[in-house]
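Residue numbers (this note's numbering): 24 to 411. In what follows, a structure is listed as structure tokens, so that the remarks can point back to it.
Below is the structure:
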């Protein structure tokens, strides 16, 4: 797939239309000119989520009541138009002009992003790594978002029950209600575990070891039940049901849920050592990049078309060696959008577009006339909507 254009109205400081080319697109300009905002707009259009903010109001330009984003996408079977309308506390989704449910919207545009915020996948809490896995699964299987929502809803209800029970002297009267929620969570939790463990295994097999560093990198799913990730669904369901029953008194006393895949993690290792604890800053960046490119490779293989890759602040996040290796790797593998204050770092064919105050402008007189001019608009290669 290829993004042909992205239009922004009332979104942060952006104005106008980003017209993209297949291959590498370089958005350059001084800090604060809107480069990251354009990547955020693309990511929002793909996932309905931001890699920076969780509040819809943050996206809306000062003085505006709403923001609107539109992407024109070339895919193998037919072109696709995505619209995302943002108001305070509300998002409305459209596919080809028709209002769409989240499960029908997701999967129309596959985007994988690397940037400073994404380093929380390596350095942050287990919840960040679970989200990383969940986003990857949704890219291959959009219906998974419903399973995830159902689990989180049941967990929220159980947690509310446990908090209420913790305030009462006699907690045994709450056991029947707790059993009902545990039965739901055992079923839904098994589905989450199966999908996450399977995705982590497929991802690990596609990590390009040695791409950015000589250390051997591995990713392994860690169940909080301490079971092997390859355990069957039936065995996992039985183990989860037994653990929930055994820990119910402890959960009632604690006032929150102690058992389930919401406590799982993803181990990210270099030469068998936890990269978050023992890796240098450069190794951590390399690890995240290899993981993200692994997701890209997995999507490309399973869905038979290239996704879109986003990299924010190229020169701040990667050294010259890694930049060269990354751009060589991406050739013919994905349409890419990178931002930088130094467009001269990117050699070879690329569509270079200058930004000032959220708008695209002609190259100015900073000696950049010696660089390659932006490529003319190109017809995107045909792509396919289906993904098994």
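For every residue, glycine included, the Cβ atom is placed at its ideal position computed from N, Cα and C.
The way I'd put it, the stretch 238 to 253 does touch the stretch 280 to 300; three or more beta-carbon pairs between them come closer than 8 angstroms.
Scanning the stretch 329 to 374 from its first residue to its last, the whole alpha helix (DSSP H) runs of 4-plus residues come out as 337 to 340 and 343 to 353. The stretch 246 to 266 makes no contact with the stretch 156 to 165, as fewer than three CB pairs between them are under 8 angstroms.
By alpha-carbon distance to residue 54, the top candidate from 362, 383 and 175 is 362. Inter-residue distance for residue 302 and residue 308 is about 9 angstroms (C-alpha atoms, whole angstroms). Sequence-distant Cβ neighbours of residue 252 in its own chain, meaning closer than 6 angstroms and more than five residues away, are 220 and 244. Annotation for residue 342: 305 place their beta carbon closer than 8 angstroms to its own, counting only its chain and skipping 5 residues before and after. Cβ neighbours of residue 384 within its own chain (closer than 6 angstroms, five residues either side excluded): 377. For residue 212, no beta strand (DSSP E) run applies; the uninterrupted alpha helix (DSSP H) run containing it begins and ends at 198 to 228, by DSSP.
Residue 91 carries a strand assignment under DSSP once its states are collapsed to helix, strand and coil.
The Cβ atoms of residue 24 and residue 133 sit closer than 9 angstroms to each other.
Going by DSSP, residue 58 is part of the alpha helix (DSSP H) stretching over 58 to 70.
Taking a cut-off of 8 angstroms on C-beta distances, the stretch 115 to 131 does not touch the stretch 36 to 52, as fewer than three cross pairs fall below it.
By the criterion of at least three beta-carbon pairs nearer than 8 angstroms, the stretch 170 to 186 is not in contact with the stretch 219 to 235. When DSSP states are grouped into helix, strand and coil, residue 296 belongs to the strand group.
Judged by beta-carbon spacing, residue 380 lies within the 9 angstroms limit of residue 57, meaning their Cβ atoms are closer than that value. Selection 274, 144 and 218 evaluated against residue 198 yields 274 as nearest (Cα-Cα).
Counting other Cβ atoms within 10 Å of its Cβ, residue 216 reaches 16 or more and is therefore classed as buried. Beta-bridge partners assigned by DSSP to residue 108: 91 and 115. Between residue 338 and residue 315, the C-beta spacing is not below 9 angstroms. Annotated three-state conformation of residue 124 is coil, per DSSP.
In the DSSP assignment, the residues bridged to residue 40 are 30. For the pair residue 31 and residue 91, the CB atoms are nearer than the 9 angstroms cut-off. Note that the C-beta distance between residue 106 and residue 98 is not below 9 angstroms. Your pair residue 43 and residue 326 does not check out as a contact, with CB atoms roughly 20 angstroms apart and the cut at 8 angstroms. DSSP places residue 48 outside any alpha helix (DSSP H); the residue lies instead in the beta strand (DSSP E), whose first and last residues are 47 to 51.
Short of 8 angstroms from the beta carbon of residue 51, and not among the five residues preceding or following it, lie these beta carbons of its own chain, in chain order: 58, 362, 363, 364, 365, 366, 375, 376, 377 and 378. As computed with DSSP, residue 136 is found in a beta bridge with 333. Linking residue 295 to residue 232 through their CA atoms gives a straight-line distance of about 13 angstroms. Annotated three-state conformation of residue 242 is strand, per DSSP.
Judged by their CB atoms, residue 283 and residue 189 are not nearer to each other than the 9 angstroms cut-off. Around residue 345, the same chain offers 235 as residues with beta carbons nearer than 6 angstroms, after the five sequence neighbours per side are excluded.
Assignment of residue 168 by DSSP, reduced to helix, strand and coil, places it in the helix class. Taking C-beta atoms as the reference points, residue 331 and residue 69 count as a pair closer than 9 angstroms. Taking C-beta separations shorter than 8 angstroms and ignoring five residues to either side along the sequence, the partners of residue 167 in its chain run 157, 160, 161 and 218, following chain order. The shortest C-alpha to C-alpha distance from residue 170 to any of 206, 213 and 122 is the one to 213.
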